[in-house]
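Trainee: Protein sequences appear in the order of chains G and C.
For the first sequence, the tail end lands on 516 under this note's numbering, and the numbers increase by one without skipping.
For the second sequence, the tail end lands on 492 under this note's numbering, and the numbers increase by one without skipping.
This structure is in structure tokens; I'll ask about it shortly.
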Amino acid sequence: MSSARNRELAALVPVAILLTAGFAAVFSQESTRLDNLSLIYGAYFLAICVVTHIYLRIRLPDADPYLFPLVALLTAFGLVMIYRIDDSLARDQANWFVLGLILFALTIQFLRDYEVLERYRYTIAAIGLLMLLAPRLPGIGQQVNGAYLGIKIGPLAFQPAEFSKIAIVIFLASYLRENREVLIVGARRVLGVTLPPLKHFGPMLVVWGASMFMLVFIRDLGSSLMFFAAFLALLYVATGRFSFVVIGMAMFTVGAWFFASTVPHVHDRVEIWLNPYVDPQGTGYQILQSIFAQADGGLFGKGFGESLITIPGTHAALLPAAQTDTIYSLIVNEVGLFGACGVILIYLLIAARGFKIALLASDGFSKLLATGLTAVFSIQAFVIIGGVTRVIPLTGVTLPFISYGGSSIVANFVLLALLLLISDRARREATQPRGRALSLGES
Amino acid sequence: MNRQIVKLFGFIVVLFAILVGFTSYWSVFDAKALKEKQANKRPLLEQQQIRRGRILAADGTVIAKSVGKGKGDAKRFVRRYPEGSLYGHPIGYSFVKYGDSEFEQFHNDQLIGEESEFSSILDQLLGHTQEGNDIVTNLDPVAQRVALSDLEEAGFGAVVALEPSTGEVKVMASNKPFDPNRVPYEFGKLSTNEIERPLYNRATQGQYPPGSTFKVVTAAAGLESGRITPETTIDAPGTLEVEGQPLNNDFSESFGPIALDTALTNSVNTWFGQLGQQLGNDQLFETMEKFGFNSIPPIDLPEDQVEESGVFSEGRALTARDPVDLARVAIGQERLLATPLQMAMVAAAVANGGKLMKPQIWNRVIDPDGRVVDRLDPSEYSQPVSAKTAEELTTAMEGVVTAGTGTNAAIPGVQVAGKTGTAETPGNKACGGGVDENQAWFIGFAPANDPKIAIAASVECTEQFGNDVAAPIFRDVAEAILNGE
Numbered sequence: 074m075s076s077a078r079n080r081e082l083a084a085l086v087p088v089a090i091l092l093t094a095g096f097a098a099v100f101s102q103e104s105t106r107l108d109n110l111s112l113i114y115g116a117y118f119l120a121i122c123v124v125t126h127i128y129l130r131i132r133l134p135d136a137d138p139y140l141f142p143l144v145a146l147l148t149a150f151g152l153v154m155i156y157r158i159d160d161s162l163a164r165d166q167a168n169w170f171v172l173g174l175i176l177f178a179l180t181i182q183f184l185r186d187y188e189v190l191e192r193y194r195y196t197i198a199a200i201g202l203l204m205l206l207a208p209r210l211p212g213i214g215q216q217v218n219g220a221y222l223g224i225k226i227g228p229l230a231f232q233p234a235e236f237s238k239i240a241i242v243i244f245l246a247s248y249l250r251e252n253r254e255v256l257i258v259g260a261r262r263v264l265g266v267t268l269p270p271l272k273h274f275g276p277m278l279v280v281w282g283a284s285m286f287m288l289v290f291i292r293d294l295g296s297s298l299m300f301f302a303a304f305l306a307l308l309y310v311a312t313g314r315f316s317f318v319v320i321g322m323a324m325f326t327v328g329a330w331f332f333a334s335t336v337p338h339v340h341d342r343v344e345i346w347l348n349p350y351v352d353p354q355g356t357g358y359q360i361l362q363s364i365f366a367q368a369d370g371g372l373f374g375k376g377f378g379e380s381l382i383t384i385p386g387t388h389a390a391l392l393p394a395a396q397t398d399t400i401y402s403l404i405v406n407e408v409g410l411f412g413a414c415g416v417i418l419i420y421l422l423i424a425a426r427g428f429k430i431a432l433l434a435s436d437g438f439s440k441l442l443a444t445g446l447t448a449v450f451s452i453q454a455f456v457i458i459g460g461v462t463r464v465i466p467l468t469g470v471t472l473p474f475i476s477y478g479g480s481s482i483v484a485n486f487v488l489l490a491l492l493l494l495i496s497d498r499a500r501r502e503a504t505q506p507r508g509r510a511l512s513l514g515e516s
Numbered sequence: 008m009n010r011q012i013v014k015l016f017g018f019i020v021v022l023f024a025i026l027v028g029f030t031s032y033w034s035v036f037d038a039k040a041l042k043e044k045q046a047n048k049r050p051l052l053e054q055q056q057i058r059r060g061r062i063l064a065a066d067g068t069v070i071a072k073s074v075g076k077g078k079g080d081a082k083r084f085v086r087r088y089p090e091g092s093l094y095g096h097p098i099g100y101s102f103v104k105y106g107d108s109e110f111e112q113f114h115n116d117q118l119i120g121e122e123s124e125f126s127s128i129l130d131q132l133l134g135h136t137q138e139g140n141d142i143v144t145n146l147d148p149v150a151q152r153v154a155l156s157d158l159e160e161a162g163f164g165a166v167v168a169l170e171p172s173t174g175e176v177k178v179m180a181s182n183k184p185f186d187p188n189r190v191p192y193e194f195g196k197l198s199t200n201e202i203e204r205p206l207y208n209r210a211t212q213g214q215y216p217p218g219s220t221f222k223v224v225t226a227a228a229g230l231e232s233g234r235i236t237p238e239t240t241i242d243a244p245g246t247l248e249v250e251g252q253p254l255n256n257d258f259s260e261s262f263g264p265i266a267l268d269t270a271l272t273n274s275v276n277t278w279f280g281q282l283g284q285q286l287g288n289d290q291l292f293e294t295m296e297k298f299g300f301n302s303i304p305p306i307d308l309p310e311d312q313v314e315e316s317g318v319f320s321e322g323r324a325l326t327a328r329d330p331v332d333l334a335r336v337a338i339g340q341e342r343l344l345a346t347p348l349q350m351a352m353v354a355a356a357v358a359n360g361g362k363l364m365k366p367q368i369w370n371r372v373i374d375p376d377g378r379v380v381d382r383l384d385p386s387e388y389s390q391p392v393s394a395k396t397a398e399e400l401t402t403a404m405e406g407v408v409t410a411g412t413g414t415n416a417a418i419p420g421v422q423v424a425g426k427t428g429t430a431e432t433p434g435n436k437a438c439g440g441g442v443d444e445n446q447a448w449f450i451g452f453a454p455a456n457d458p459k460i461a462i463a464a465s466v467e468c469t470e471q472f473g474n475d476v477a478a479p480i481f482r483d484v485a486e487a488i489l490n491g492e
């Protein structure tokens, strides 16, 4: 019996209770009768979590015990919020949650030896880039709000950037693992600035540059910000050279200025961010309504199901994209500053567990992969929450595990699976330094 | 690499702390300002989800109520005003798209049942939905109707009736009136009509030259300061040269040495002009300010919809330190402007033994369970004159109605005290710029020995005098109220 898995099981119980209570709260707002449907949903959710838990018990007995319950908590919270917006959306989301868990299990099943990813890093990078390009391809590409985010093949529609981020992180982690020594040793000082050697830096720059270009090409600014941050984070961790980060930031500033002044779509986003009151009924509507919804929440919020999402009597949105982009504003509106801080705290705890895994991991690839996945996940949360709170321009990325969206949920479960795979090995090696050989000898 | 990983985590902590900081700023620290933003319709839309309380007249007549529309999430309440334009002023309107005004705006928190954040959390936990409170006003429907129909006959203007002992507003009527039910359909027309100005409450916003009605204030300052007694005589010639311009009596009639009652009864300009000069700035302004001039009257209406009264220069109310033509201020001319509400307060203070009560439209707040949760507690605003001075003024004002310029205000069997006023307003833009236009006034109270009601009536753009158009309105409204007692 693994104590890690027991802790995981114990942590799942409050999650299921919270979900049940959340549904109960929504039901009680929506109808006068409080039936036992909330209990049934809670039971389903707990059952699914327990099955996943048993699977983890078998496959990854030593993996981090808190990550899955934390993610389950976010998912449960997201399901309640989405159910509160529209119950049919919640049904989709619940299906995707199950699909996500299936892919989660498949990843764990077939990528037990995840070093194999290193061998295919260029293939993975190419697939990642191709996926980014796909939404622009005629026939399968889809345009949403001026951005080319989705592709549709037959009945299957998804947003490839969500998966692409994992592919790019795998590539970067692998490439940096191999070349970090050369990047450090080969660095030269030019004009007092330490520059990485171009020969070894080149391939990475190409992949990264291509991804950035494509993101601008498909107009997905949120993802480009995420990718860029993950790139810098990995570069910094791999080389320990803060100057590389400074150079990166400088490049970003120039790039951002260039795009902001040449690409109208980018320029508009920045303008709206700086001056939302110029056109409060038009371009500034979403960010202003997002802020107004938060102002209306106060310390404790208005309560589940109490927020106005559409203008009563019409179908016009009062809080546009409440189930995706601005779901955080809805959270602040309904559960207040305290509830929102709780959500941020969960993301922070996930980040802490993710980086803990990176610290424990013994080999370079595992360390960098765990770091990259955790960084890209945390930055994604920052980009969208920062967007709706006007810290940065609002760009459409999903709030991981909470926002409505199949690609996001499924991709993030794959990300979680990779983290748990790394964790399982790292923790086993950490607790049993000479583990494998010894236990083999005993059996 | 571990050191860098820890630093990276530290960076993520900082980023998330920024998110908490911004969320706190929007949701708590800047929340109040955001809720008041023009672009923010959320608070109004939410209020629409709440059944706003009713507003009732003193006899229980429903002035405003909310009716439900739609079902489920689309359920919302819309305001209805069953009495139409009768209470457009001072009740105002409340609609999501156009905001709210006047009484509806001032009493908004009570009408929507707004409570503190903590008690509303308790309500949430207990599953209560927010419900509005009803407010019963002091408005007298019969008198209000008489006032408005008299005004509609007389011309643009306003009537304010106060109960002297409590400050309760029994009547507040303004012509041109508006029907709040029409606001959602013709807001543009109502708000841009510069001649009729139907959304403008002339009772509290109309600043008019008070003319001879102001002599009551001058007399009060004279008696109160001890400068004169009721027996003091001042020689009143037909014409007085003041600041290089002649100040005339009507028909330049010369009265010789007369005392207060004769001077007030015949509204003798040269008598009051000299009294004003004798009083000096300090004494006249002190009395004015005690009557409420130079401040926004303490009534339960939004401050931006209540104007102050005083001597105005370039939009600013002058004080005792500013140079003014005291002789002309004393007879209600110069740059002196007063609202009908202000002049009603003057009459009410004299009627109440010199004590000015705060005028209030509301009377009590009733929660959805029928309990009275708050009740008007009449409070004194100031005491401009002593009981003795008030009595002396009353005697002089009775003469105005029995034997003087205000005989049309007389009510059979009831002692009436009052004062007429007719300010010439040639070239008044609002009247179309005619040369013979007057602002006609009557202020007074009845019964003089035991005042139940104090009234100011004011009519714009009339070629007639106070006694012709304003005094009959006073009489009709006072009769309506006294008959209802």
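Where a beta carbon is used, it is the ideal one built from N, C-alpha and C, also for glycine.
(1) Decide if Ile142 (chain C) is buried, meaning its Cβ has at least 16 other Cβ atoms within 10 Å, or exposed.
(2) Would you say Phe300 (chain G) and Lys225 (chain G) are within 9 Å of each other, going by their C-beta atoms?
(3) My understanding is that Val407 (chain C) touches Gly425 (chain C), with C-beta atoms under 8 Å, so please give their C-beta distance in whole angstroms.
(4) Relative to the C-alpha of Val258 (chain G), which residue among G:Leu245, G:Ser247, G:Phe177 and G:Phe274 is closest?
(5) Buried or exposed: where does Arg482 (chain C) fall if 16 or more other Cβ atoms within 10 Å of its Cβ makes it buried?
(6) Here's the rule I'm using: 16 or more other beta-carbon atoms within 10 Å means buried, otherwise exposed. How should Pro253 (chain C) be labelled?
(7) Short of 9 Å Cβ to Cβ, which residues in the segment 37-62 of chain C face chain G?
(8) Determine the closest residue to Glu160 (chain C) out of C:Ala477, C:Gly99 and C:Glu296, with distance taken between C-alpha atoms.
(9) Taking C-beta pairs closer than 7 Å, name the residues in chain G that Ser31 (chain C) reaches, listed in chain order.
(10) Taking Cys122 (chain G) as the query, report the chain C residues whose CB atoms sit under 9 Å from its CB, ordered along the chain.
(11) Measuring alpha carbon to alpha carbon, tell me which of C:Pro184, C:Gln285, C:Ala266 and C:Ala168 ends up nearest Val353 (chain C).
(12) Along the alpha helix (DSSP H) that carries Val408 (chain C), what are the first and last residues, could you check?
(13) In or out: Tyr420 (chain G) buried (at least 16 other Cβ within 10 Å) or exposed?
(14) Thr56 (chain G) to Leu467 (chain G), Cα distance in whole Å?
(15) Is there a Cβ from chain G that is less than 9 Å from the Cβ of Met179 (chain C)?
(16) Which of the three DSSP states is assigned to Pro253 (chain C) in this structure?
(17) Please report how far the alpha carbon of Val233 (chain G) lies from the alpha carbon of Phe450 (chain G), in whole angstroms.
(18) Could you compute how far the alpha carbon of Ala150 (chain C) sits from the alpha carbon of Arg83 (chain C)?
(19) Going along chain C, which residues have a C-beta under 9 Å from Val405 (chain G)?
(20) Using beta-carbon positions only, say whether Leu256 (chain G) and Gly445 (chain G) come within less than 9 Å of one another.
(21) Does the segment 286-297 of chain G touch the segment 462-477 of chain G, meaning 3 or more C-beta pairs lie closer than 8 Å?
(22) Hey, Phe300 (chain C) and Ser316 (chain C) are a contact pair by Cβ (cut 8 Å); roughly how many whole angstroms apart?
(23) Name, going along the chain, the residues of the segment 414-443 of chain G whose beta-carbon falls closer than 8 Å to a beta-carbon of chain C.
(24) Give me the residue from G:Ile458, G:Ala484, G:Ala490 and G:Leu433 with the minimum Cα distance to Arg501 (chain G).
(25) Hey, would you say Ile457 (chain G) sits closer than 9 Å to Leu472 (chain G), going by beta carbons?
(26) Enumerate in chain order the residues of its own chain whose CB-to-CB distance from Thr504 (chain G) is below 6 Å, with the five nearest sequence positions on each side excluded.
(27) Out of G:Ala303, G:Glu81, G:Ala167 and G:Ser480, state which residue places its alpha-carbon closest to the alpha-carbon of Phe231 (chain G).
(28) On a Cα-Cα basis, can you pick out the residue from C:Glu170, C:Gln11 and C:Asn115 that is closest to Ala65 (chain C)?
(29) Are the CB atoms of Gly54 (chain G) and Ala83 (chain G) nearer to each other than 9 Å?
(30) Are the C-beta atoms of Asn140 (chain C) and some chain G residue less than 9 Å apart?
(31) Can we say the segment 361-377 of chain G touches the segment 406-418 of chain G, given the rule of at least three CB pairs closer than 8 Å?
(32) Within 9 Å (strictly less), CB to CB, does Ser55 (chain G) reach chain C?
(33) Strictly below 9 Å CB to CB, what residues from chain C border Asp369 (chain G)?
(34) Round the Cβ separation of Ser259 (chain C) and Ser219 (chain C) to the nearest angstrom and send it over; I've been treating them as touching at under 8 Å.
(35) If we count Cβ pairs, one from each stretch, closer than 8 Å, do we get three or more for the segment 13-32 of chain C versus the segment 46-61 of chain C?
(36) Using a Cβ cut-off of 9 Å (strictly closer), state whether Phe317 (chain G) contacts chain C.
Mentor: Quick answer:
(1) Taking the first residue of the second sequence as 1, we reach residue 142 (chain C) at position 135. Counting Cβ neighbours within 10 Å, Ile142 (chain C) comes out buried, since at least 16 surround it.
(2) The residue you call residue 300 (chain G) lines up with position 227 of the first sequence. The residue you call residue 225 (chain G) lines up with position 152 of the first sequence. No; because the gap between Cβ atoms is not below 9 Å, this pair is not in contact.
(3) The residue you call residue 407 (chain C) lines up with position 400 of the second sequence. The residue you call residue 425 (chain C) lines up with position 418 of the second sequence. The Cβ separation is near 6 Å, so the contact holds.
(4) As a first step, residue 258 (chain G) is located in the first sequence; it is residue number 185 there, counting from the start. That would be G:Phe274, whose Cα lies nearest to the Cα of Val258 (chain G).
(5) For this step, residue 482 (chain C) is matched to residue 475 along the second sequence. It is buried - the Cβ of Arg482 (chain C) has at least 16 other Cβ atoms within 10 Å.
(6) Residue mapping note: residue 253 (chain C) aligns to position 246 of the second sequence, counting from 1. Exposed, by the Cβ-count rule.
(7) Asp37, Ala38, Lys39, Ala40, Leu41, Lys42, Lys44, Gln45, Ala46, Asn47, Lys48, Arg49, Pro50, Leu52, Glu53, Gln55 and Gln56
(8) The sequence position of residue 160 (chain C) within the second sequence is 153, counting from 1. It is C:Ala477.
(9) Translated into positions along the second sequence, residue 31 (chain C) becomes position 24. Chain G residues near Ser31 (chain C): Leu410.
(10) Your numbering for residue 122 (chain G) matches position 49 in the first sequence. Result: empty, since nearest Cβ-Cβ is about 26 Å, beyond 9 Å.
(11) As a first step, residue 353 (chain C) must be located in the second sequence, where it is residue number 346. Answer by Cα proximity: C:Ala168.
(12) Sequence index remark: in the second sequence, residue 408 (chain C) carries index 401 (1-based). It spans Ala394 to Ala410 - the alpha helix (DSSP H) in which Val408 (chain C) sits, taken as one unbroken run.
(13) Here the question's residue 420 (chain G) lines up with position 347 in the first sequence. Classification for Tyr420 (chain G): buried.
(14) Because chain G in this structure spans residues 74 to 516, residue 56 (chain G) falls outside the shown range and cannot be described.
(15) Counting from one through the second sequence, the residue named residue 179 (chain C) turns up at place 172. With 9 Å as the cut-off, Met179 (chain C) does not count as an interface residue toward chain G.
(16) Translated into positions along the second sequence, residue 253 (chain C) becomes position 246. DSSP places Pro253 (chain C) in strand when its eight states are reduced to three.
(17) Locating residue 233 (chain G) in the first sequence gives position 160, counting from the first residue. Locating residue 450 (chain G) in the first sequence gives position 377, counting from the first residue. The residue you asked about is not Val; residue 233 (chain G) is Pro in the sequence shown. One C-alpha to the other measures close to 16 Å.
(18) Counting from 1 along the second sequence, the entry for residue 150 (chain C) is found at position 143. Counting from 1 along the second sequence, the entry for residue 83 (chain C) is found at position 76. Approximately 34 Å between the Cα atoms of the pair.
(19) Counting from 1 along the first sequence, the entry for residue 405 (chain G) is found at position 332. Neighbours of Val405 (chain G) on chain C, chain order: Thr30, Trp33 and Ser34.
(20) Mapped onto the first sequence, residue 256 (chain G) falls at position 183. Mapped onto the first sequence, residue 445 (chain G) falls at position 372. No.
(21) yes
(22) If you number the second sequence from 1, residue 300 (chain C) lands on position 293. If you number the second sequence from 1, residue 316 (chain C) lands on position 309. Their Cβ separation, rounded to whole angstroms, is 5 Å, which keeps Phe300 (chain C) and Ser316 (chain C) in contact under 8 Å.
(23) Cys414, Ile417, Tyr420, Leu421, Ala424, Ala425, Phe428, Ala431, Leu432, Gly437, Lys440 and Leu441
(24) Counting from 1 along the first sequence, the entry for residue 501 (chain G) is found at position 428. Out of G:Ile458, G:Ala484, G:Ala490 and G:Leu433, G:Leu433 has the C-alpha closest to the C-alpha of Arg501 (chain G).
(25) By one-based count along the first sequence, residue 457 (chain G) stands at place 384. By one-based count along the first sequence, residue 472 (chain G) stands at place 399. In this structure, Leu472 (chain G) lies closer than 9 Å to Ile457 (chain G) by Cβ.
(26) Here residue 504 (chain G) refers to the residue found at position 431 of the first sequence. Once the five neighbours on either side are set aside, Thr504 (chain G) has no close Cβ partner at all.
(27) Position 158 of the first sequence, counting from 1, holds the residue named residue 231 (chain G). Comparing Cα-Cα distances from Phe231 (chain G) to each of G:Ala303, G:Glu81, G:Ala167 and G:Ser480, the minimum goes to G:Ser480.
(28) Residue numbering aside, residue 65 (chain C) sits at position 58 when the second sequence is read from its first letter. Checked all of C:Glu170, C:Gln11 and C:Asn115; the closest Cα to Ala65 (chain C) is C:Glu170.
(29) Residue 54 (chain G) cannot be examined here, being either before or after the span of chain G that is shown, 74 to 516.
(30) Position 133 of the second sequence, counting from 1, holds the residue named residue 140 (chain C). False, the Cβ-Cβ gap to chain G never drops below 9 Å.
(31) yes
(32) Not covered by the structure: residue 55 (chain G). The range shown for chain G is 74 to 516.
(33) Counting from 1 along the first sequence, the entry for residue 369 (chain G) is found at position 296. Those within 9 Å of Asp369 (chain G) in chain C are Ser34, Ala38, Leu41, Lys42, Asn47, Arg49, Pro50 and Glu53.
(34) Counted from its first residue, the second sequence places residue 259 (chain C) at position 252. Counted from its first residue, the second sequence places residue 219 (chain C) at position 212. Incorrect: roughly 16 Å between the Cβ atoms, too far for contact.
(35) no
(36) For the purposes of this step, residue 317 (chain G) is taken as the residue at position 244 of the first sequence. For Phe317 (chain G), the answer is no, since every Cβ of chain C falls outside 9 Å of its Cβ.
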